[in-house]
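Q: Okay, here's the structure, questions in a sec.
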Amino acid sequence: MMEKLKTIFLVLLVALSLVQSYFLAYSMPNLDAKAKSELDYVKTEPLGEEEVVNNLISPELLILHMGEDKHTVFYPSTQPYYDIILKKLQDRVFKGIQLEASNTVNWDQVRQEDQGVELRFGRAVPFELLQRVFKIEGNFVLSQDAIERIWIFSSKGREEVRTFFFSEDGRRVYEATRADLTVGDVEGYVGFGQFWDAYETDNGQLYYPTKPISRLLEIQVNYDRYSTDQMQANLFFDPNTTQSIPERLDTPLFYTDGKRGLSVEPASGWMTYTDPVAPTNSENDYIENVLAAVTFINQHGGWNGKHMLAQETVLEGESTIRFQQYYDQLPIVSSAALNIGYMQLVLQQGDVSSYERSLLVLGTQVTNKRSRQLLGGEPLKLLLAQAQASGRKVKALFPAYKPSFIDDQLSLNLVWAIRLDNGEVAILAESSPILS
């Protein structure tokens, strides 16, 4: 009997030991540091897609020179030809980059007589970033130059292809002395434009169609929008500490955590976020700021559709980076009535102090397609001359969408837009019905 009691007692001791081991393993006191960094509070909800800078750098337009002073222009919306030419050029290798005198070539003669293609960017692209898009061999780490256009042409009567890169101010020209291109390649690119709309130019800077353009459609699209709560969760380190500041019904909503601020216009869905950055006298690095801007958007809201690096403004030690939004391969240009169509960030040495964007997310349901006509010829030339006469230099002309609300959809109306030398984009002319 005594042995039986001892056995039961030992079993109880073993069971008690197991229970104690369990509580020791799973109920240990929290020994982590009580103080948390600000980033520990962030539990951001993925909203839009992430992007890499390579996908945000593309030519604003391609100009095809077909010889005999004949030209045409391909925009990103000129599909599939724009993409075909761009992809072929991205597969080629450009070697032996060397600086040349700007007058090393008679460019007026080349434009009028030789076949070729010009790639023009909306914003000059530093060599280091351009190498992420094209296979350009060379060490440009120490080069501060940025390229505004690339001109590839085959000299008339000669079996050679020459490739030149033009700096933003036009004073420096670089030639790829060993480019992986043939005369047949150039003829192939030019061949796509033989039966396209004819364009002309007065000085080689601005090209405009000789006749009205009627290949594009006006459309209406559905849309959704990110909520203010979603953006607070993505932008504030601890959204629970933010407070709303009461305003009148006709003013933007405003939220703050005491340091950072978020302003949202309820009707349009335009958002402005500010995070003060201490001023510094150090010089901004453009590439660092572009990469930081892309990373910031990836982490705080993501990309609501296709965008393209379009503009930089430097003022008092700050760098303003703008990404142009596209829909159906056409840029969306804001109007006075509706602010939409771009993301813009202000940075200082990679630190973001301001972030503006639309909370609207355009859908894929397209309705009410309508063929419309864009001005061409002398009427368009006159409008361009008037824009130039106002003291502004017009750098580019391109078709675009002007947005407006119609019931529960967004109407995207066709317009001619211009980009000025200061980077500003403005609407030049509305489209009109096609006359039968």
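Under the working numbering, residues 12 to 447 are what the sequence shown spells out, in order.
Built from N, CA and C at the ideal position, the CB exists for glycine as well.
I need the straight-line Cα distance from residue 97 to residue 103, nearest angstrom please.
A: Rounded to the nearest angstrom, the two C-alpha atoms are 10 Å apart.
Q: In the DSSP assignment, find the alpha helix (DSSP H) that holds residue 200 and state where it starts and stops.
A: It spans 194 to 202 - the alpha helix (DSSP H) in which residue 200 sits, taken as one unbroken run.
Q: Quick check: the Cα distance between residue 398 and residue 82, rounded to an integer number of angstroms?
A: When rounded, the distance between both Cα atoms is 23 Å.
Q: Should residue 125 be labelled buried (16 or more other beta-carbon atoms within 10 Å of its own) or exposed?
A: Per the 10 Å Cβ criterion, buried.
Q: Which one of 194, 106, 244, 296 has the shortest CA to CA distance from residue 167?
A: For the residues 194, 106, 244, 296, the minimum Cα distance to residue 167 belongs to 194.
Q: Out of 129, 319, 362, point me to the one whose CA is closest to residue 353's CA.
A: The option with the nearest alpha carbon to residue 353 is 319.
Q: In this structure, how does DSSP classify residue 367 when only helix, strand and coil are distinguished?
A: In the structure shown, residue 367 sits in a strand (DSSP, three-state: E or B).
Q: By alpha-carbon positions, which one of 269, 381, 206, 147 ends up nearest to residue 228?
A: It is 381 whose Cα lies nearest to the Cα of residue 228.
Q: Using C-beta distances below 6 Å, list every residue in its chain close to residue 106, excluding the 5 sequence neighbours before and after it, in chain order.
A: Within the same chain, residue 106 has close Cβ partners 148, 189.
Q: Got a sec? Which residues, its chain only, sit under 6 Å from residue 268 by beta carbon, not counting five neighbours each side?
A: Result list for residue 268: 247, 252, 253, in chain order.
Q: What number of angstroms, rounded off, separates the C-alpha of residue 49 from the C-alpha of residue 249?
A: Unreliable positioning characterises residue 49 in this predicted model, as indicated by a pLDDT of 39, which lies under 50. The coordinate reading is nonetheless provided below. Near 8 Å, if we compare the C-alpha coordinates of residue 249 and residue 49.
Q: Using only the alpha-carbon positions, how far apart do residue 223 and residue 428 sit?
A: Between residue 223 and residue 428, the C-alpha separation is close to 15 Å.
Q: Quick check: what's the CA-CA separation for residue 439 versus residue 426?
A: Taking the straight line joining both Cα atoms gives about 7 Å.
Q: Just the Cα atoms here: how many angstroms apart are residue 174 and residue 296?
A: Going from the Cα of residue 174 to the Cα of residue 296 covers about 28 Å.
Q: Where residue 360 and residue 400 are concerned, what is the direct C-alpha to C-alpha distance, given to the nearest angstrom?
A: Taking the straight line joining both Cα atoms gives about 38 Å.
Q: Indicate whether residue 163 and residue 136 have their beta-carbon atoms separated by less than 8 Å.
A: No, Cβ-Cβ distance for residue 163 and residue 136 is not below 8 Å.
Q: Are there 16 or more other CB atoms within 10 angstroms of the CB of residue 87, so buried, or fewer, so exposed?
A: Flag for residue 87 reads buried.
Q: Under 8 Å by Cβ, that's how I've got residue 412 and residue 338 pegged, so tell me the actual separation to the nearest angstrom.
A: Contact holds; Cβ gap of about 6 Å.
Q: Cβ of residue 110 within 8 Å of Cβ of residue 73?
A: Not a contact, by the Cβ cut-off of 8 Å.
Q: Who pairs with residue 136 in a beta bridge, going by DSSP?
A: Its beta-bridge partners are 158.
Q: Taking the runs of the beta strand (DSSP E) that are 3 residues or longer, which of them lie wholly in the segment 76 to 157?
A: As far as the segment 76 to 157 is concerned, its whole beta strand (DSSP E) runs of at least 3 residues are 82 to 85, 104 to 111, 126 to 137.
Q: How far does the alpha helix (DSSP H) with residue 235 in it extend, from its first residue to its last?
A: First-last for residue 235: 228 to 236, but that is the beta strand (DSSP E), not the alpha helix (DSSP H).
Q: Here's the rule: buried if 16 or more other CB atoms are within 10 angstroms of the residue's CB, otherwise exposed. What is residue 65?
A: So residue 65 ends up on the exposed side.
Q: Express the C-alpha separation of residue 170 and residue 371 in angstroms, rounding to a whole number.
A: Near 52 Å, if we compare the C-alpha coordinates of residue 170 and residue 371.
Q: Rounded to whole angstroms, what's the CA-CA distance from residue 280 to residue 236? Just pull it up for me.
A: Approximately 8 Å between the Cα atoms of the pair.
Q: By a C-beta neighbour count over all protein chains shown, 10 Å radius and 16 as the cutoff for buried, is residue 220 buried or exposed?
A: It is buried - the Cβ of residue 220 has at least 16 other Cβ atoms within 10 Å.
Q: Any idea which residues DSSP pairs residue 414 with across the strands?
A: The partner list for residue 414 (beta bridge, DSSP) reads 423.
Q: Could you compute how far the alpha carbon of residue 53 sits from the alpha carbon of residue 244?
A: Unreliable positioning characterises residue 53 in this predicted model, as indicated by a pLDDT of 47, which lies under 50. The coordinate reading is nonetheless provided below. Roughly 7 Å between the two C-alpha positions.
Q: Note down, in chain order, each residue of its chain lying with its Cβ closer than 7 Å to the Cβ of residue 200, except the 5 sequence neighbours on either side.
A: 75, 96, 128, listed in sequence order.
Q: In the DSSP assignment, the alpha helix (DSSP H) including residue 392 goes from what residue to what residue?
A: Element bounds for residue 392: 388 to 400.
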